[in-house]
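Which chain is which? The protein sequence lines are A and B, in order.
Per our numbering, residue 1459 is the first one in the first sequence, and the count goes up by one each step.
Per our numbering, residue 1459 is the first one in the second sequence, and the count goes up by one each step.
Since the structure comes first, as structure tokens, the remarks are kept for the end.
2 protein chains.
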Amino acid sequence: METSFSVGLNAVIVAVTGESPRVLTVQAAQPGSVADSETVALPFGPLDPISGRTMERGVRGWVREQTGLEFGYVEQLYTFGDRDRDPVGRDGGPRVLSVAYLALVREEVLAGNCRAQWLDCYDLLQWEDWRSGRPKVVDERIIPELTAWARLASTRSKRATRKERVAIAFGLDGAEWDGEKVLERYELLYEAGLVCEAMREVDPGTQPPRERARHELGRCMVLDHRRMLATALGRLRGKIKYRPVVFELLAPTFTLLQLQRVVEALAGVRLHKQNFRRLVDKGGLVEGTGSLDEYTGGRPAELFRFRRDVLRERSAPGVGLPGGTQVSRV
Amino acid sequence: METSFSVGLNAVIVAVTGESPRVLTVQAAQPGSVADSETVALPFGPLDPISGRTMERGVRGWVREQTGLEFGYVEQLYTFGDRDRDPVGRDGGPRVLSVAYLALVREEVLAGNCRAQWLDCYDLLQWEDWRSGRPKVVDERIIPELTAWARLASTRSKRATRKERVAIAFGLDGAEWDGEKVLERYELLYEAGLVCEAMREVDPGTQPPRERARHELGRCMVLDHRRMLATALGRLRGKIKYRPVVFELLAPTFTLLQLQRVVEALAGVRLHKQNFRRLVDKGGLVEGTGSLDEYTGGRPAELFRFRRDVLRERSAPGVGLPGGTQVSRV
DNA sequence: CTATATATGCTCAATTTGAGTATAATTGGA
DNA sequence: TCCAATTATACTCAAATTGAGCATATATAG
């Protein structure tokens, strides 16, 4: 009924160490792509048609094998199947489909294969970290270059559309910056040719990649892997608002500040401490263990743990962030 | 690098007619599956590796061909690839992957192929419509049978887990019913064998399907298509809270009550009229056209239209419903 | 003219937010 | 020893939002 495809699985494995969200990467060794020592890739594995009963099991399986990592939370992210995503497919080779999964792990117990390493997500998507205000790179490079790009469009209406997209994505002209619009921002940068992987599509191999890459934003990734990461970060930022997934990233017990730092790391913004506490408290997501954190530098904080049974009570138990409007049911 | 798969595309095409959410279905004629005149399927099409540059274009393409339908909003839903989803794959045949898309259309201009028909989503998922309170089928059949099923588990802890899952999914024991948990509910019914397609997995062809089907809940669908529908409805219910997707389902101008009815149809609950208006109004999502609806039966309502430019202003412009908690940014 | 039905304006208490101030319990030096 | 720095936590208070109504306006059917 339809032709055959190559199907693989990618995993965006996220952890938070201290105050930075990290993603597990491997050395890029994809044949046929622009690869150098700087270029990294997301872990990739086959979907075994025989042994993998479900795709999720498949991901868990080969990630365990390759990295020794065992994760609790996994969700399917997106299936990437555009013809141009891989030069091989573009050149008439077999088309490669990739089903990407998002996984959350508790810390970095990296065992096994040393080709894997944790990278800070914000080294790969530097314009996404607004914890100390609007990132410099946004002011100094992104806005000017995207504005220039918007002006390049052929018709008046296309210029207006581009300008508006930029404004919405980066919170210009009175629009508010929305942490979840990670993919929109990435796609703008891609279309405008500001990320190194954008070149590959136009004319692979023509320009010396190392030379240009220096001018581009952020560290480069193989194929459409940075798009996958952007998809993952956007999804995760949305999810923490209404599902208690943060706890998958934390140790079994934690202080409220640690919890806040993890949320901030993912959300990319700073939160008001007292109000954050009030909300966490009211939401009943956590309960104090009597013990205190052995701490240096201030009053010791109480250690909390996640209340698993909260899932029964509240329908949308997230850790909160500016969110959606509501309407009362009748 | 990995083996070959068959890859196809499914579309969950949703419209709202009057007060009922509808989904486009086709006559089931899948070879090898339990098919009779009652069993329907979601539209299915190939992913053409040559012509379809992106999968989304692919979907738009063959849906247009098959039904004459042109839709504005499309989003990728999920990729279904479990080995057991298709009897063919289970029996060692080629494994079939399906990438499902959710599409919203404005009304039902069904042209072309007459094997297609619109069905009420709540004929397929009858336990999801809470607009007149908790559905009878939940009280009379689902709760009793799921409770019995929970008791059947082998160990004490498994029984407790099942019981808790049921309580969370259907809003028992003080838990609140959550409209978005469509998939969780479907999966419970599936595991408990209360939907007809569940039998197929255990022992295909053994039991006379027509006989048993009469006792099962809702109209049957081919393969895992009802799971796809459940995924779609859950996603859509989530989405209307924070993105203005409802307008894809409405005529260009509409009264506020029509808007409310569409939201209610999708959400599966009734809303408080005055408060709904207040929120829509405050959200600035719509603007009045001066004209009035020609109406019979009461004071005529003003016609409104969607304000496209609202996308620039608000970061999360949905029509609202009980939603997430918030935390103030610093 | 009345009953009925819908639209739309307005009120009001309860709750939730946003943004602080105040106070408590530590550590590391002056 | 006592002060500065640092972090935790309690509490306040005005503004905004929500939940639940009541009241009034404008139609139609008889």
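Beta carbons are placed, not taken as given, at the ideal position from N, Cα and C, and that holds for glycine.
Express the C-alpha separation of residue j and residue i in angstroms, rounding to a whole number.
i, j, result
"threonine 1497/A", "isoleucine 1601/A", "25 Å"
"cysteine 1678/A", "phenylalanine 1762/A", "39 Å"
"glycine 1726/B", "glycine 1637/B", "7 Å"
"aspartate 1751/B", "proline 1758/B", "6 Å"
"arginine 1518/B", "aspartate 1587/A", "36 Å"
"tryptophan 1607/B", "lysine 1594/B", "19 Å"
"valine 1680/A", "glutamate 1655/A", "7 Å"
"glycine 1755/B", "leucine 1577/B", "29 Å"
"valine 1795/A", "proline 1479/B", "Given that chain A is displayed from residue 1459 to residue 1788, the structure contains no residue 1795/A and the question cannot be resolved."
"alanine 1473/B", "phenylalanine 1529/B", "10 Å"
"arginine 1553/A", "glutamate 1514/B", "16 Å"
"tyrosine 1700/B", "lysine 1699/A", "12 Å"
"leucine 1652/A", "tyrosine 1531/B", "28 Å"
"asparagine 1468/A", "alanine 1499/A", "10 Å"
"tyrosine 1559/A", "glutamine 1732/B", "42 Å"
"glycine 1748/B", "arginine 1766/A", "53 Å"
"proline 1504/A", "arginine 1685/A", "20 Å"
"glutamate 1642/B", "arginine 1736/B", "32 Å"
"leucine 1687/A", "valine 1481/A", "8 Å"
"leucine 1527/B", "valine 1596/B", "35 Å"
"valine 1557/B", "glycine 1741/B", "34 Å"
"glycine 1476/A", "aspartate 1506/B", "46 Å"
"valine 1521/B", "leucine 1582/A", "38 Å"
"leucine 1724/A", "phenylalanine 1705/A", "12 Å"
"glutamate 1745/B", "glutamine 1584/B", "35 Å"
"arginine 1609/A", "leucine 1707/B", "34 Å"
Helix or strand or just coil, what does DSSP make of residue i?
i, result
"tryptophan 1576/A", "strand"
"threonine 1689/A", "helix"
"serine 1615/A", "helix"
"glutamate 1603/B", "helix"
"glycine 1526/B", "coil"
"threonine 1469/B", "According to the sequence provided, residue 1469/B is alanine. The question's threonine does not apply to it. Of the three classes helix, strand and coil, the one that applies to alanine 1469/B here is strand, per DSSP."
"valine 1521/B", "helix"
"arginine 1480/A", "strand"
"valine 1721/A", "helix"
"glutamate 1760/B", "strand"
"leucine 1505/B", "coil"
"leucine 1582/B", "helix"
"arginine 1589/A", "strand"
"phenylalanine 1463/A", "strand"
"leucine 1681/B", "coil"
"tyrosine 1644/A", "helix"
"leucine 1610/B", "coil"
"tyrosine 1559/A", "strand"
"alanine 1499/A", "strand"
"aspartate 1661/B", "Caution is warranted here: a pLDDT of 49 is assigned to aspartate 1661/B, below 50, making its placement in the model unreliable, and the coordinate value is therefore given only provisionally. If DSSP states are grouped into helix, strand and coil, aspartate 1661/B belongs with coil."
Report the residue from the options whose alpha carbon sits nearest the alpha carbon of residue i.
i, options, result
"threonine 1689/A", "Cys1579/A, Glu1565/A, Phe1463/A, Gly1530/A", "Cys1579/A"
"leucine 1630/B", "Leu1604/B, Leu1641/B, Glu1645/B, Lys1616/B", "Leu1604/B"
"arginine 1573/B", "Phe1502/B, Gln1732/B, Arg1684/B", "Phe1502/B"
"proline 1702/A", "Leu1467/A, Ser1612/A, Arg1623/A, Val1721/A", "Val1721/A"
"arginine 1564/B", "Met1686/B, Thr1711/B, Gly1742/B", "Thr1711/B"
"leucine 1646/B", "Arg1693/B, Ser1615/B, Thr1619/B, Gly1632/B", "Thr1619/B"
"arginine 1589/A", "Glu1622/A, Arg1511/A, Trp1635/A", "Trp1635/A"
"threonine 1512/B", "Gln1718/A, Thr1537/A, Lys1639/A", "Thr1537/A"
"leucine 1714/B", "Ala1650/B, Gly1696/B, Leu1743/B", "Leu1743/B"
Closer than 7 Å by beta-carbon distance: list the chain A residues that pair up with residue i, in chain order.
i, result
"threonine 1537/B", "Gln1534, Thr1537, Val1557"
"aspartate 1751/B", "Those within 7 Å of aspartate 1751/B in chain A number zero; the least Cβ separation is about 22 Å."
Can you pull the chain A neighbours of residue i, defined as C-beta to C-beta under 9 Å?
i, result
"arginine 1592/B", "Per Cβ cutoff of 9 Å: no residues; arginine 1592/B is ~13 Å from chain A at best."
Please list the partners that residue i has in chain B, where partner means a Cβ-to-Cβ separation under 8 Å.
i, result
"aspartate 1540/A", "Arg1511, Thr1512, Met1513"
Could you tell me whether any non-hydrogen atom of the ligand SAM is closer than 6 Å to the CB of residue i?
i, result
"leucine 1467/B", "This structure simply doesn't include the ligand SAM, nor any ligand for that matter."
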